[in-house]
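**Q**
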Amino acid sequence: AQKVTQAQTEISVVEKEDVTLDCVYETRDTTYYLFWYKQPPSGELVFLIRRNSFDEQNEISGRYSWNFQKSTSSFNFTITASQVVDSAVYFCALSGLTGANNLFFGTGTRLTVIP
Amino acid sequence: DAGVIQSPRHEVTEMGQEVTLRCKPISGHNSLFWYRQTMMRGLELLIYFNNNVPIDDSGMPEDRFSAKMPNASFSTLKIQPSEPRDSAVYFCASSVSGTAGNTIYFGEGSWLTVV
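As given, the protein sequences belong to chains A and B, one line each in that order.
When you read off a place in the first sequence, starting at 1, and then add 619, the result is the number in my numbering.
When you read off a place in the second sequence, starting at 1, and then add 1, the result is the number in my numbering.
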């Protein structure tokens, strides 16, 4: 069975602080894919990143970076120098060969960046 | 490029009424998904189509829910009769194919309130 755990329900930081959102996953598939989505207050779900299980290289995109570690089944997301516009709910999701293309979502972490 | 387009964005209806939600996937995408988001259950897959054919509808809550995809550019999710517990955000999403790991792109959601 696929499972994604986001233990942090809510996080508040002051603008310009760095923040890391945790994601731990469970799967029996040897090939799987991990995703992060952002849901701003307006409600849409915005795709941020996709990683496959064979690529453990960390990725950086502007102020965003992702740390994928298979040894701990984690795919953490760090925002550097946070901004008010980063305030949103962030979802980690998993897709494996089991269940075809279905995405299994975590419960989300609500990030509030205080000006 | 146009993303996934959903309508209506917001709907308030009375219990017992029929509700029809509409979706236009991204052009060229062969897989279409309907997700529901509630506070209690988070994001859950209701049904997905591959090449207009329903592949997995195990997430459809009950017979009151039905989904169709008459062609590659249009899908509907119908609730008849609607009940207050159906109040949720319904997301339509699409991806290039049903192969595991393809990025799924979401529409802005249809916010349904049944009173």
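All C-beta atoms, glycine included, are put in the ideal place defined by N, C-alpha and C.
Counting only runs that start and end within the segment 632 to 695 of chain A, where is the beta strand (DSSP E) found for 3 or more residues in a row?
**A** Whole beta strand (DSSP E) segments, 3+ residues: 638 to 640, 643 to 645, 651 to 658, 665 to 671, 678 to 680 and 683 to 688.
**Q** DSSP puts Ser-96 (chain B) in a beta bridge; with which residues?
**A** The sequence position of residue 96 (chain B) within the second sequence is 95, counting from 1. According to DSSP, Ser-96 (chain B) bridges with B:Ser-32.
**Q** Use the C-beta contact count for Gly-29 (chain B): other C-beta atoms within 10 angstroms, 16 or more gives buried, fewer gives exposed.
**A** Counting from one through the second sequence, the residue named residue 29 (chain B) turns up at place 28. That one is exposed.
**Q** Alpha carbon to alpha carbon, how far is Val-90 (chain B) from Leu-22 (chain B)?
**A** Against the second sequence, residue 90 (chain B) aligns to sequence position 89. Against the second sequence, residue 22 (chain B) aligns to sequence position 21. Rounded to whole angstroms, Val-90 (chain B) to Leu-22 (chain B) spans 11 Å at the Cα level.
**Q** Should Glu-663 (chain A) be flagged as near chain B, meaning a C-beta pair shorter than 7 Å?
**A** The sequence position of residue 663 (chain A) within the first sequence is 44, counting from 1. Chain B contact via Cβ: present.
**Q** Quick check on DSSP: helix, strand or coil for Pro-85 (chain B)?
**A** What you label residue 85 (chain B) is simply residue 84 of the second sequence in a count that begins at 1. Residue state, collapsed to three classes: helix.
**Q** Tell me whether the segment 726 to 733 of chain A and the segment 631 to 646 of chain A touch, counting them as touching only if at least three CB pairs, one residue from each stretch, are closer than 8 Å.
**A** Short answer: they touch.
**Q** Using a C-beta to C-beta distance shorter than 7 Å, which residues of chain A count as neighbours of Ala-3 (chain B)?
**A** Taking the second sequence and counting its residues from 1, the one referred to as residue 3 (chain B) is at position 2. By Cβ distance, chain A contributes nothing, its closest Cβ being about 14 Å from Ala-3 (chain B), past 7 Å.
**Q** I want to see whether chain B comes within less than 7 Å of Tyr-644 (chain A), judged by CB atoms only; does it?
**A** Counted from its first residue, the first sequence places residue 644 (chain A) at position 25. Not one chain B Cβ lies under 7 Å of Tyr-644 (chain A).
**Q** Between Pro-660 (chain A) and Ala-626 (chain A), what straight-line distance do the alpha-carbon atoms span, to the nearest angstrom?
**A** To locate residue 660 (chain A), count along the first sequence from 1; it is residue 41. To locate residue 626 (chain A), count along the first sequence from 1; it is residue 7. Each residue's Cα considered, the two are about 21 Å apart.
**Q** Restricting to Cα atoms, I'd like to know which of A:Ser-693, A:Ala-712, A:Leu-664 and A:Val-665 is closest to Gln-676 (chain A).
**A** Here residue 676 (chain A) corresponds to residue number 57 of the first sequence, with the count starting at 1. When only C-alpha atoms are compared, the closest one is A:Ser-693.
**Q** Whose Cβ in chain B lies nearer than 9 Å to the Cβ of Arg-669 (chain A)?
**A** Counting from 1 along the first sequence, the entry for residue 669 (chain A) is found at position 50. Within chain B, the residues near Arg-669 (chain A) are Gly-102, Asn-103 and Thr-104.
**Q** How far does the beta strand (DSSP E) with Met-70 (chain B) in it reach, from first residue to last?
**A** On the second sequence, residue 70 (chain B) is found 69 positions in, with the first residue counted as 1. That run of the beta strand (DSSP E) goes 66 to 72.
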